[in-house]
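Those letters in the sequence shown? Residues 1 to 654, per full-length UniProt numbering, in order.
Beta carbons: idealized from backbone N, C-alpha and C, even for Gly.
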Amino acid sequence: MKKLNKKWSAAGLLIAMGIVYGDIGTSPLYVMKGLIAGNHGEINEDFLIGSVSLIFWTITLLTTVKYVMIALNADNKGEGGIFSLYALVRPMGKFLIIPAIIGGAALLADGVLTPAVTVTSAIEGLRTLPIFTEVFGYSQDIIVIITLVILLILFSFQRFGTDTVGKLFGPIMFLWFTFLLVSGFANLLQDLSVLRALNPVYGIKLLFSPDNHLGLFILGNVFLATTGAEALYSDLGHVGKSNIHLSWPYVKISLIINYFGQVAYLLSTDIHQFKEMNPFFQMIADPLMPLAVLFATLAAIIASQALITGSFTLVSEAMRLKILPRLHVLYPGKSRNQQYIPVVNFLLWVTTSIVVIVFQSSTKMEAAYGLSITVTMLMTTFLLHFYLKTRAKAFFAIAVPLFFAGIEIVFLLSSLDKFVHGGYVAVLIALAIIMIMYIWYKGSQITDGLVEHLPVKNYLSQLDHLRNDRSLPILQTNVVYLTKYMEADEIDAPILYSILDKNPKRAHVYWFVNVSVTDEPFTKQYEIDTLGTDYVVLVKLHLGFRVSQEVNVYLRQIVAELMATGEIKKQVQTYSISENREVGDFRFVLLNEELSHAGELSNWSRFIMQTKFAIRQITVTPAKWFGLEFSEVLVERTPLVIGEYRKPNLERID
């Protein structure tokens, strides 16, 4: 996908409509409905005016001020989202990994409920069509079946990419927001006194009014109007801040007018005539009802698609930041930005489908929805504080995060009752993801700190002798090792042990490659050190956290450039289908660490390491991760001794 973060464009505005606003744009389907249901259907003028006032100021403060005006400026070379923000502030403290993990896990967990609640809410709109109720009545079973079929098609379609249909997302969402604006405005004209809700006093009064049966917990339902704000920040890299800044006013006006229109409709209607209360659909004129249901369904599908794509991006970033294990990533579209992670897609489909089957109705889903995303917003605010510390005055860096943290803590506390109404599903999923992230991150820290490092220059004479030792067969013209550590000429000691001690490996050139993931998203750079030889090459690849680590591809370019400069000799091939081929063959050697029983571990550390290695067994192999699945690869096992080495203390007896 073409990057549009430099300046705005008409195409960029449409893309923003289709990608960025799906979640927040479908909120009118269920927010007012949820508020009415939460108050047991007992509503009056004060309740409705206070509710829409709370909605307006929640969207204004959290979405407009925090995310559109502040967070979008905290971009990492045009990329947004909690992991991009973490990459920016990571040098300021190792502990910052904690809010990044918690926020990222909560955002992924939220991805389970969002497609379920949006699609179900849209499909429930079918009940407003007389022909539907005549055939199926008000049975929830048919709604569940239709929702499950749509979700199955949606998740199955991911493997083919969205290049073709993706071009339609923007225009469809533009029509959707226009529909929200027009339908809301038509009903708002019935009672313009609703506009007094712009005064925040009405919202504050409602929090303590006897008309509000939930008290402060009503904010848990109000918060659903702004759940898409975090997705707005995460999708920054797809469209750029200029396109979001320019498109957001139209989107916000459309949303607010629609919410106000729903309230105006409710104030002028006897709601007791309806078996089910959803003002979004019921304020639509009967001739336009089929169009409303169609638009709502398409918008819900597009919102779900945006969330699925966002989940793929989030997981991909976490993998490259070494917060999650390596998973198999495919690129079904023409753009590298369009990723497909089969295991993530499958897990999202299964869990989302289970949510639909268990909760059945959108009302029950709304009662559970939103708890985890408040946690993500709070973690983003915490990281924003550290970002602002280096880029704003001290007062601003403290006061602004404190202000938003206060609001979000209130929303979090007001959402706690959602836990017993199904919010535990997202919480348990988030906790499981947090545990996996922590184990992988902590386990990687343990292993990286244990492996000994040796300077290659101390072994140059042995490597020179080995490559010229004609008593040994040539393993390959070029032997390549991937080393986790490379500082100056020091690399992982097991690599030199593999070359010299463990079945000596004769080659013409020895390559030692280290991949360093940068805090910038799209870096593609490399450093070279030949140590004054033409048979040892140390390569340090600097790759952005959104760049695929295809070592084989990058190495071809590096070899060609080194031969062109004369830093290594040309490797003329006697036999080849290509004329004048000057690059020899390659063998990649991967060292697979195995937990040794020779070390002493605490029970917790042993659990961490054993779990990490167990997870590794079901994830993508290093060969696939580094783009070596079609290369010659040799995998060797190397023992990892953790803790103090236990001497066997054998006693000789005669």
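Per DSSP, the continuous alpha helix (DSSP H) segment holding Tyr265 begins and ends at 241 to 267.
Judged by DSSP in its simplified three-state form, Thr638 adopts strand. Distances from the CA of Ile528 to each of Glu567, Leu496, Lys505 were compared; the closest alpha carbon is that of Glu567.
In the DSSP annotation of this structure, the continuous segment of the alpha helix (DSSP H) that includes Asp141 starts and ends at 140 to 156. Linking Met486 to Lys77 through their CA atoms gives a straight-line distance of about 26 Å. Out of Thr118, Tyr441, Ala285, the CA that lies nearest to the CA of Arg616 is found in Tyr441. Pairing Trp604 with Gln445, the inter-Cα distance amounts to about 14 Å.
Ile495 is positioned such that its CB atom lies closer than 9 Å to that of Thr483. Fully contained in the segment 456 to 512 are the following beta strand (DSSP E) runs of length 3 or more, in chain order: 474 to 482, 490 to 492.
In this structure Tyr575 is exposed. Its beta-carbon is surrounded by fewer than 16 other beta-carbon atoms within 10 angstroms. Taking a contact as a CB-CB distance under 8 Å, the pair Ala296 and Ala37 does not count as one, their CB atoms being some 18 Å apart. At the C-beta level, Leu591 and Arg652 stay beyond 9 Å of one another. Fully contained in the segment 325 to 398 are the following alpha helix (DSSP H) runs of length 4 or more, in chain order: 342 to 359, 362 to 368, 371 to 389. Here Lys33 carries a helix assignment [DSSP, helix/strand/coil]. Judged by DSSP secondary structure, Val112 falls outside any beta strand (DSSP E) and instead within the alpha helix (DSSP H) spanning 97 to 124. For Ile15, there is no enclosing beta strand (DSSP E); the enclosing alpha helix (DSSP H) has its first and last residue at 10 to 19. Its chain contains Leu590, Asn592 as the residues whose beta carbon lies nearer than 7 Å to that of Val635, once the 5 sequence neighbours on both sides are disregarded; these appear in chain order. Take Leu54, set aside five residues on each side of it, and the residues of its chain with a beta-carbon closer than 6 Å to its own are Gly203, Val222, in chain order.
Short of 6 Å from the beta carbon of Gly423, and not among the five residues preceding or following it, lie these beta carbons of its own chain, in chain order: Ala368, Leu371.
By a beta-carbon distance limit of 8 Å, Val479 contacts Ala507. Their separation comes to about 4 Å. Across the structure, Thr533 and Ser631 are spaced so that their CA atoms are roughly 26 Å apart. Sixteen is the threshold: since fewer than 16 other Cβ atoms of the shown chains lie within 10 Å of the Cβ of Asp286, the residue is exposed.
Secondary-structure assignment with DSSP links Tyr526 through a beta bridge to Leu541. Contact between Ile82 and Gly111 is absent: CB atoms are separated by about 13 Å, not below the 8 Å threshold.
Collapsing the DSSP output to three states places Thr518 in a strand.
If the five residues before and after Lys322 are omitted, its C-beta is found closer than 8 Å to the C-beta atoms of Trp440, Tyr441, Ser444, Val517, all from its own chain and listed in chain order. Looking at the backbone, the Cα of Leu472 and that of Gln462 are separated by about 14 Å. Closest in alpha carbon position to His245, among Gly406, Leu192, Ala71, is Ala71. Nearest Cα to Val515 within the set Pro622, Thr313, Ala225, Met69: Pro622.
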